[in-house]
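Below you'll find the structure, written out as structure tokens, and then a few comments.
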Amino acid sequence: MNIFILTNDFYMFNGIKHALSDRLAYNCVQVDPSSPYNAFLFFCASKEDVFVLLPDFYKLSFDVLLGLNNSKASVIITKTESTSILGLIFQYQLIPKKFYLSDLLQAIHFKYSEAKVANIPKLTGREKDILLFTVKGISISSMSRSLDICIKTAYQHQRNALKKIGIQRACNIFQLPDNLISYLCTYH
Numbered sequence: 000m001n002i003f004i005l006t007n008d009f010y011m012f013n014g015i016k017h018a019l020s021d022r023l024a025y026n027c028v029q030v031d032p033s034s035p036y037n038a039f040l041f042f043c044a045s046k047e048d049v050f051v052l053l054p055d056f057y058k059l060s061f062d063v064l065l066g067l068n069n070s071k072a073s074v075i076i077t078k079t080e081s082t083s084i085l086g087l088i089f090q091y092q093l094i095p096k097k098f099y100l101s102d103l104l105q106a107i108h109f110k111y112s113e114a115k116v117a118n119i120p121k122l123t124g125r126e127k128d129i130l131l132f133t134v135k136g137i138s139i140s141s142m143s144r145s146l147d148i149c150i151k152t153a154y155q156h157q158r159n160a161l162k163k164i165g166i167q168r169a170c171n172i173f174q175l176p177d178n179l180i181s182y183l184c185t186y187h
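The numbers in the sequence shown follow numbering that gives the first Met the number 0, run straight up by one, and end at 187.
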């Protein structure tokens, strides 16, 4: 069994590697999260492999998350403010940010009984427009003027869009993975 750990934290990787390889003879490999070769690694992963994402010091890319979702391997992510939203969209296992070895072992040995399907939220056209305006930093009054709607309606569309993607406040939108908002707002 290979355990691929996506992190830039060398000390965290060495701690996990020594704990797992000494006691349980797992093969641990550190993977750079921003490497262009990750797509090939995700494609070639077997069903017994496990990917562990530790996104403390880098921002996740939505392309990496989609690649992990399409792989056959199981995926474990440490739970932070930005990754707790990902537990709603993707069927990843979430473990606490300050996890023990027992938490990691329990997540490694947990097997999914169903296919991994991404639950990407469906947004209406108006919600997509409001979400793009929110990302650009445009005020609600400017949004309502450009879309010819009331300010209360613009607030309601913004609240609905943020609720669908798992965010309560508009200022937390920048904690989401890269490319997620642009993917949600494309008309497909």
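All C-beta atoms, glycine included, are put in the ideal place defined by N, C-alpha and C.
Under 7 angstroms between C-beta atoms of residue i and residue j
i           : j           : result
residue 130 : residue 184 : yes
residue 61  : residue 178 : yes
residue 176 : residue 59  : yes
residue 44  : residue 71  : yes
residue 32  : residue 5   : yes
residue 139 : residue 148 : no
residue 165 : residue 76  : no
residue 20  : residue 49  : no
Residue i (DSSP reduced to helix, strand or coil)
i           : result
residue 60  : strand
residue 174 : helix
residue 75  : strand
residue 192 : With the chain covering only 0 through 187, there is no way to say anything about residue 192.
residue 50  : strand
residue 155 : helix
residue 93  : strand
residue 167 : coil
residue 84  : coil
residue 27  : strand
residue 180 : helix
Buried/exposed call for residue i, threshold 16 Cβ in 10 Å
i           : result
residue 51  : buried
residue 35  : exposed
residue 126 : buried
residue 137 : exposed
residue 95  : exposed
Residue i at chain D interface by Cβ criterion, 7 angstroms
i          : result
residue 32 : Of the protein chains in the structure, only one exists, and it is not chain D.
query: Quick check: the region 153 to 161 against the region 120 to 134, are there 3 or more CB pairs under 8 angstroms?
result: Two segments are said to touch when three or more pairs of C-beta atoms, one from each, lie closer than 8 angstroms; by this definition the region 153 to 161 touches the region 120 to 134.
message: So, does the region 9 to 17 touch the region 26 to 36, judging by three or more C-beta pairs under 8 angstroms?
response: Yes, since at least three Cβ pairs between the region 9 to 17 and the region 26 to 36 fall closer than 8 angstroms, the two stretches touch.
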